[in-house]
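Trainee: Counting in my numbering, the sequence shown runs from -2 upward without gaps. Can you keep this structure in mind? I'll have questions shortly.
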Amino acid sequence: MHIQGIGYYAPERIVDNDALSADLDTSDAWIRSRTGIRTRRLAADNQACSDLAAEAGKMAIISAGCTPENITHIIVGTVSGDAAFPATACLLQSKLKIPTAMAFDLGAACSGFLFGMQVAQGIMAAEPEATILLVGAETLSRRVNWQDRSTCVLFGDGAGAVVLKASPDACMPPGGIFPALVEGVICEGGGGGELLCCYGGGTRYPYRHGDIIGPEYFLHMNGQEVFKHAVRAMSDISSRLLKRLGRSVEDLDLVVPHQANLRIVKAVLERLQVPEGKAFLNLDRYGNTSAASIPMALAEAHIQGVIRPGFRVLLTTFGAGFTWGAALVKY
Ligand code: ACO
C-alpha cells in the first residue's frame, strides 16, 4: 500500500496559553512545562468536523493527482464527528462531491489514523484497485469541559488526510516524495476505557430535553495513568513493528509520533533509544488534535521538506479505548 498524496487543515483561530489563563486557573508556564503546548487552533463557530476534513481531503486529492471521481472509499478517523449519524465520512463525501464510495467513520480516538491505515490495507487486499481517502479529523474543543484545567488546555482542532493506493497511480504528478510505501502497520488495544472517556451524547448518558449538561458529559481523563500506558504502549508496539519488518531504530530517519504532549514523546523516544532530534513535532502550535495529529504532522514534515526521498519514517500513537499502533513508511 502506498501513500500517494497528503493534505492538512488547521482552523484559523489561534488560542495561546495566556488567553486560556484569562478564564482558568492556569498559566503559560504550567502548560508549557507539563505539555510543551504553546498554542492550539480552534474551529470557528460555523465549522464542524466535516468542514475541517473537507479542507484536508481536498488538498490530499490534489496532491495525489486524483479527482474526487477516483475515490472509491472514504474513512474518517474521528471521535468528534458532526453528528451521531450520518457518519462524518458521508458528509465529507457530499462536500467533496465524491459520487460513489464506501464511506464510514472509525472511532479509535487518537489512534484513528493508524487504525484507518490498517483497515485500508484490508480493503486493498480484497479490492486492489481501491483509491482510499483516509482522514483524521477532530473538533475536540466541542468535547472538552472548558472549566476543567487538567484537560481543556491539552487539545486542539484540525484535520489531516492521505490518499492510499495499492500500487502507485499513473496519474501521479512527477517528482516529489510520493508514492511512499507503507512497509507495515500494527494496531492493538485493550482496557483502560474508563481512564479516558467522554459519555456526553452517547446512549449511556443520553441527552434528555431540559437536562442540565453537567461535567459528566465532557471529556474525562486520568492524566497520570494515560501517560504511563501511552509511553509503554507506543514504545513496545514500535519495537515489535521494527522487529517484525527486520528493521532497527538505526534504520529510522524520522519519527512522527502522535502529538499528545512533549513529555510523552520524549519518554517514548528514550525507551526506543532514538535521539530526540529525529522526532517531528508540531504539538507546540496545535496541541493534541487526536486522530488528526499524525497526518497533520506528516503533512507539515512533507511541506517543510523535512522528509526527503529515501527516508524511513516511524509513526506511532496511543488513544482512548485504550488503542495504540505503529506504522513504518518508506519514502
Ligand atoms: N494549570 C495549572 N495547574 C494544573 C493544570 C493546569 N492546566 N492542570 C492540572 N493542574 C494541577 C492539578 O490540579 C494538580 O494540583 P494539586 O497538586 O494542587 O492537586 C497539579 O497541577 C498536578 O497535577 P497532575 O495531574 O499531577 O499533573 P501532571 O504532572 O500529571 O500533568 C498532565 C498533568 C499534563 C495531564 C499529565 O498527566 C499528562 O501529560 N498526561 C497525559 C495525558 C495526555 O496527553 N492525554 C491526551 C489524550 S491521550 C493521548 O493523546 C495519548
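Even for Gly, the Cβ is constructed at its ideal location relative to N, Cα and C.
#1: Rounded to whole angstroms, what's the CA-CA distance from L242 to G181? Just pull it up for me.
#2: Pick out the complete beta strand (DSSP E) segments inside the region 81 to 113, 3 residues or longer, and give them in chain order.
#3: Tell me which residues share the same chain as G113 and place their Cβ nearer than 6 Å to its Cβ, disregarding the 5 neighbours each side in the sequence.
#4: If you draw a straight line from the alpha carbon of N285 to that of G153, how long is it in whole angstroms?
#5: With burial defined as no fewer than 16 other Cβ atoms inside 10 Å of the residue's Cβ, what is the status of I0: buried or exposed?
#6: Helix, strand or coil for N43, going by three-state DSSP, please let me know.
#7: Would a C-beta distance cut-off of 8 Å place S232 and L269 closer than the cut-off?
#8: Would you list the one or two residues that DSSP bridges to K162?
#9: Is it the case that the CB of N285 approaches a heavy atom of ligand 1 more closely than 7 Å?
#10: For ligand 1, is there any heavy atom lying closer than 7 Å to the beta carbon of S147?
#11: For a quick check, are the C-beta atoms of G2 and I58 less than 8 Å apart?
#12: Check each candidate in S47, T23, N279 and G318 and name the one with the smallest Cα separation from C195.
#13: Is there contact here, the region 185 to 204 with the region 212 to 220, by at least three beta-carbon pairs under 8 Å?
#14: Put V76 into one of helix, strand or coil per three-state DSSP.
#15: Under 8 Å between the Cβ atoms of A51 and L89?
#16: With respect to 7 Å, is the separation between the Cβ of R260 and the closest non-hydrogen atom of ligand 1 below this value?
Mentor: Based on what the coordinates show:
#1: 7 Å
#2: 99 to 103
#3: I72, G74, L103 and L131
#4: 6 Å
#5: buried
#6: coil
#7: yes
#8: H(-1) and T128
#9: yes
#10: yes
#11: yes
#12: G318
#13: yes
#14: coil
#15: yes
#16: yes
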